[in-house]
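The sequence shown lines up with residues 0 to 456 when you count with numbering that gives the first Met the number 0.
Just so you know, even glycine gets a beta-carbon here, dropped at the ideal spot from N, CA and C.
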Amino acid sequence: MRIHTTRACLVALAVCLTAPGAARAAETPSLVTAAKQGDIGAVRTLLGQGTAVDATEGDGTTALHWASYRDDIDVVGLLLDTGADVNVANDLGATPLWSASQNGSVAMVRRLLAAGADANLALWSGETPLMIGSRAGATGVVELLLEHGAETDARAARGQTALMWAAAQQHTDVVNALLVGGADIHARSDVWSQVMAVPPHSLPEYKREIPHGGNTALMFAARGGALATARVLIDAGANVDDTDAWGVSATTVATHAGFTDVVELLLEAGADANAAEAGFAPIHPAVMRQDERLVAVLLEHGADPNAMLGTWTPTRRASRDFNFAPPLVGATPFWLAARFTAPSIMRLLAEHGADPAFVHRPDYKEPTYFQPRLEETTALMAVTGMGGGRLRGWFPPPRGEAEMRALEAAQLLVELGADLNATDADGRTALDGARSARLKTVATYLESHGAFASAGW
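Structure (structure tokens):
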């Protein structure tokens, strides 16, 4: 009985608290409805009858909001001439000017500013008309807002600015306008941290706080592949060696996303091809992507073909994200290319001084029983699938193509003088790996060149 009484009281309280709002929401003023429908005749009649010009809907929206949203310049003029509050904000903080800026309507923005609209009134989340106009790519709107005192470096959620938004959306003309208006090209977004992991997720050593944010406009352009925008930012003085809060460089970000043209632009502007503050250089994701052109561009600009991967990178649970798992830590680009069976990239790296005799010796815990694993694998073993653990997030080619690539890689390694009978930490050879992986052509080729299998395998 006590439970039922308590529940009844809570329901009654909820009704009392929500009833005023519900009534307010149900009573949409006629003037708001007329503006929403674009019925200028009804608007004129209602105003002539003395209807409150700033009457609101349940969420604080007025007729002026709707007229601005609809880009109805005639209704807006009529409302303003009758005394509508040009700076009225709804429950989210949106003003008529904010809506007009989002629409990219130069005429509407000009009319509202002429009526005294405040160019810096923002949503509760901090998004100003300048920010939303920049994201929309509305250059004319942005220029008008700047002329009327819009703050160029106002910040919204996560500390992002209008310049960052314009760069992310590849609105080069807007970026130019903001820079002319004095936007800070070196401003950085807020920094925040997130605990992230790699499988096995239950191991404490495979969890750590990863800092996010700290991005400049150039970092946003690099992530989105905004070539023209990146060029404008660089010409205006952006730091080509910008890094985010984790230490990932703009070049690495663009490489990870596969934007070769942006990578080349950054490198030609003097970016460090070996920047690896976060533990991995641009060459590592380029190889992981198996992007031969990207690898070539990096090598042409001085990337180290023997740079060792310094850390694992996190991945979202159950995702197919590109990431470097713990068994890959310590590997060189050449060894990684072998593990990904990318023979053309292997040859390219070898031509630029990569060591084909490198032996990968990672120290990690396997994901099933969390047992420590010590590996000792050559590039030839990697070609047969030995070492490096499971390649999560990697999309292998069809079986036939995979075997052809493995054979080509094995032939290259033999050409480069690889030790065919080297053994790993378990005493297995590359021939054992080829047989286990059912790479018949690879096994036959290795045997024909003197390879042997280890006893017991």
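Inter-residue spacing [alpha-carbon to alpha-carbon] between residue i and residue j
i    : j    : result
D90  : T61  : 11 angstroms
G20  : L30  : The predicted position of G20 is uncertain, since its pLDDT is 44 and thus under 50; no value can be drawn from it.
A459 : R288 : Absent from the model: residue 459. The displayed extent of the chain is 0 to 456, so no value can be given.
S453 : V441 : 16 angstroms
G76  : T55  : 18 angstroms
W123 : W334 : 51 angstroms
N273 : A153 : 34 angstroms
H351 : L202 : 39 angstroms
G148 : G115 : 12 angstroms
A353 : L406 : 20 angstroms
G180 : G309 : 42 angstroms
G449 : S435 : 18 angstroms
L120 : A165 : 19 angstroms
A417 : T443 : 16 angstroms
Boundaries of the beta strand (DSSP E) in which residue i is found, first to last residue
i    : result
W191 : V190 to A196
P469 : Since the displayed the chain opens at 0 and closes at 456, residue 469 lies outside it and no answer follows.
Limits of the alpha helix (DSSP H) - the one that residue i falls within
i    : result
E400 : R398 to E414
D183 : Taken as a continuous stretch (DSSP letters only), D183 belongs to no alpha helix (DSSP H), as it is neither H nor E.
L133 : The sequence given here places Ser at residue 133; Leu does not occur at that position. Unbroken alpha helix (DSSP H) run through S133: P128 to R134.
Q461 : Shown here, the chain extends from 0 to 456; a query on residue 461 therefore has no answer.
R110 : V105 to A113
T124 : Rather than Thr, the amino acid found at residue 124 in this sequence is Ser. Neither: S124 is in no alpha helix (DSSP H) and is coded neither H nor E.
G223 : A216 to G223
F333 : P332 to R338
N175 : T171 to V179
G139 : T138 to E146
A66  : A62 to Y68
L45  : I39 to G47
V252 : A249 to A256
P342 : P342 to E350
V74  : I72 to D80
D260 : T259 to E267
Beta-carbon spacing of residue i, residue j below 8 angstroms
i    : j    : result
E208 : Q193 : yes
I282 : V294 : yes
I184 : A235 : yes
L419 : P355 : no
M218 : D189 : no
P396 : R404 : yes
S343 : E291 : yes
V74  : V52  : no
T383 : A429 : yes
L111 : S67  : yes
T340 : A408 : yes
T171 : A227 : yes
G387 : R338 : yes
Residues near residue i in its chain [Cβ-Cβ closer than 6 angstroms; skip 5 each side]
i    : result
R1   : Any reading at R1 is ruled out, since the residue's pLDDT is 40, under 50, leaving its predicted position unreliable.
A277 : W245, G246 and V247
D70  : N102, S104 and M107
L298 : H351
M195 : I209 and P313
Same chain, Cβ closer than 8 angstroms to residue i, five either side skipped, listed in chain order
i    : result
S100 : V108, P128, L129, I131, G132, A135, A137, V140 and L144
D271 : D240, S248 and T250
D117 : N86, T94 and L96
H211 : V190, W191, S192, Q193, D243, A244 and W245
L347 : E291, V294, A295 and L298
Contacting residues, own chain, Cβ-Cβ under 7 angstroms from residue i (five flanking each side not counted)
i    : result
E458 : With the chain covering 0 to 456 only, the question about residue 458 has no answer from this structure.
L45  : S29, L30 and A33
T27  : E56
E446 : L430
L79  : V85 and A114
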